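Everything in the sequence shown is counted per this note's numbering, starting at 107 for the first residue and increasing by one.
In what follows, a single structure is set out as structure tokens and then discussed.
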Amino acid sequence: MKTGYQAPAGPGPARQLDVSTLRSRFPALRRAVAGRPVAYFDGPGGTQVPAEVADKVRRYLVEHNANAGWNYPSSQETSAVLAAGRSAFADLLGGRPDEIAFGANMTTITLRISRALGQSLRPGDPVVVTELDHHANVDPWKALAGERGAEIRVARMDPATGALDLEDLEEKLQGARLLAMGAASNAIGTITDVPTVAGMARAAGALVYVDAVHYAAHKLVDVRAMAADFLVISPYKIYGPHLGVLWGRREHLEALELPRVESSPDQAPERVETGTQSFEAIAGGTAAVDFLASVIPDRGDDAGDSRRDRLARTFAALHEHGDRMFRRLWTGINEVPGVRVHGSPPGQDRTPTLGFMIPGIRPAEATAALAERGVFITHGDFYATTVVRRLGYGDDGMLRAGCAAYTTAEEVDRLVDGVRELAGAGSDVRSRS
Ligand SMILES: Cc1ncc(COP(=O)(O)O)c(C=O)c1O
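See the structure below:
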């Protein structure tokens, strides 16, 4: 089986991220707990936002607020905000502006698209979902069993490696009409080789719906190279405001059998959207793409490069930085006796997100204790319920720490020190019991 997808040729060797300059753009990083600046490891649940993104949201509301499509300046400005948003997310995803639709969030978009695609299913048509996915890309498809009589097949993950079992997937894809898959696991950072898996699905005659919500924070999406039919992201995971973005092949966006309000537009991509959009969030989302495109400044010899080129430079640097932070985190946490870590080690294609467990202390108590040290990490199942269950955890879930563009080595060390203290306390608890 062919694996090992490499991202399309990038901008040459990665240039280093200037983390301290980048951090100065994030007001939230000035927040302190007990005299120490907060270390935010909650990026997989939502990243912090640069001042310029927040300013764009505010400025839209105070200077341009209107509905789109009318013949006066603030309405025309609002239409321009919408057009600029489609163009920014087309650049981020490698698609075209007329293939970009907005929604409240990834879950809402996926519920809508799954209902529409379900219209063409006949009883017994196989639909494949995976154990590795966030349930926003599982449950909307599973519901098609009851609604359309679809046969739902669940592709297995291997808990030891945290990867999809591609042989099992290949079997499950036989005769499938649709594959819903994730590009990266929000619980343990596994990256799935989308072009390879999408190629397997297409060969079986299935459409491919990709959840790139976690992936898009760490790697540059390229919808054409990924050979997807639909791909969804949530800008609030990539330094933007709360919003959902869908990319879909134009022919699909035109043909989807969508429930609609009679007088709403019927041309793509507008026909995929419902009601009035959050123009302020779209303005902020555009600013987040521009922020990302500005992270690695021009050297002077690359004037005239496109926003997509600049994004490619940034993502190469983000990946290199994330890799360094993750290596430090993985090594540090692995030196703490008894702590369990999940997913692949550093050096493999993964995001800098670590799922782990400290023995003898409940995840909710561990995160509260770390928060008192100014370290914000998340616990639970992160809606990746099946992953967390397959790793052997119950309702309390596990711990998750994600490195972001603004993460520093000092913050990683502070997290590791906190985990070490809690693991020591855990073993005290065990030896007393
Ligand atoms: C991988 C992944 N998919 C989907 C979602 C759901 O996104 P939204 O909150 O935009 O509905 C999340 C959110 O945590 C996620 O991490």
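The C-beta atom is built at its ideal place from N, Cα and C for all residues, glycine as well.
Nothing here was measured: the structure is a model prediction, and the numbers come from that model.
{"Asked": "Let me check understanding here. Comparing Cα to Cα, which of Pro156, Arg330, Gly152, Arg433 lies closest to Ala134?", "Found": "Pro156"}
{"Asked": "Using only alpha-carbon positions, find the residue among Val233, His324, Asp197 that is nearest to Leu279.", "Found": "Val233"}
{"Asked": "If you drop the 5 nearest sequence neighbours on each side, which residues of the same chain put their C-beta closer than 7 Å to that of Leu528?", "Found": "Ile464, Ile467, Ala472, Ala475"}
{"Asked": "So, helix, strand or coil for Leu284, using DSSP?", "Found": "strand"}
{"Asked": "Is His240 near ligand 1, in the sense that its beta carbon is under 8 Å from a heavy atom of that ligand?", "Found": "yes"}
{"Asked": "What does Gly350 pair with, by DSSP beta-bridge criteria?", "Found": "Gly209"}
{"Asked": "With 16 as the cutoff for other CB atoms within 10 Å, does Pro371 come out buried or exposed?", "Found": "exposed"}
{"Asked": "At a cut-off of 8 Å, is Met212 close to ligand 1 when judged by its beta-carbon and the heavy atoms of the ligand?", "Found": "yes"}
{"Asked": "Please state whether DSSP places Asp264 in a helix, a strand or coil.", "Found": "strand"}
{"Asked": "Give, in chain order, every unbroken run of the alpha helix (DSSP H) that is at least 4 residues long and sits entirely within the stretch 281 to 367.", "Found": "300 to 309, 329 to 332, 356 to 361"}
{"Asked": "Judging by CA-CA distance, which residue of Leu362, Arg496, Pro451 is the nearest neighbour of Glu205?", "Found": "Leu362"}
{"Asked": "Buried or exposed: where does Tyr315 fall if 16 or more other Cβ atoms within 10 Å of its Cβ makes it buried?", "Found": "buried"}
{"Asked": "Please list, in chain order, all residues of the same chain as Arg479 whose beta carbon is under 6 Å from its beta carbon, the five residues on each side excluded.", "Found": "Gly524"}
{"Asked": "Do Tyr178 and Glu386 have their CB atoms nearer than 9 Å?", "Found": "no"}
{"Asked": "CA-CA distance, Gly116 and Phe421?", "Found": "The predicted position of Gly116 is uncertain, since its pLDDT is 49 and thus under 50; a value taken from the coordinates is nonetheless stated next. Taking the straight line from one Cα to the other gives about 9 Å."}
{"Asked": "Pair every Cβ in the stretch 248 to 261 with every Cβ in the stretch 412 to 430, then say whether three or more of these pairs are closer than 8 Å.", "Found": "no"}
{"Asked": "Below 8 Å, how does it come out for the stretch 373 to 387 and the stretch 137 to 148: are there three or more Cβ pairs, yes or no?", "Found": "no"}
{"Asked": "For Asp540, is the beta carbon positioned less than 8 Å from some heavy atom of ligand 1?", "Found": "This structure gives no information on residue 540, because the portion of the chain shown stretches from 107 to 539."}
{"Asked": "Beta strand (DSSP E) containing Gly508: first to last residue?", "Found": "504 to 508"}
{"Asked": "Report yes if the C-beta of Gly381 is less than 8 Å from at least one heavy atom of ligand 1; otherwise report no.", "Found": "no"}
{"Asked": "Can you give the Cα-Cα distance for Pro114 and Ala331, rounded to whole angstroms?", "Found": "Because Pro114 carries a pLDDT of 45, less than 50, the predicted location of this residue cannot be relied on, and the following value inherits that uncertainty. Those two C-alpha atoms are separated by around 7 Å."}
{"Asked": "Does any heavy atom of ligand 2 sit closer than 8 Å to the C-beta of Ala490?", "Found": "You won't find ligand 2 in this model; what it holds is ligand 1."}
{"Asked": "When burial is assigned at 16 or more other CB atoms within 10 Å of the CB, is Val522 buried or exposed?", "Found": "buried"}
{"Asked": "Take the Cβ of Ser126 as the centre, count every other Cβ of all protein chains shown within 10 Å, and call the residue buried at 16 or more, exposed below.", "Found": "exposed"}
{"Asked": "Taking the C-alpha atoms as reference points, what is the distance between Val493 and Asp124?", "Found": "35 Å"}
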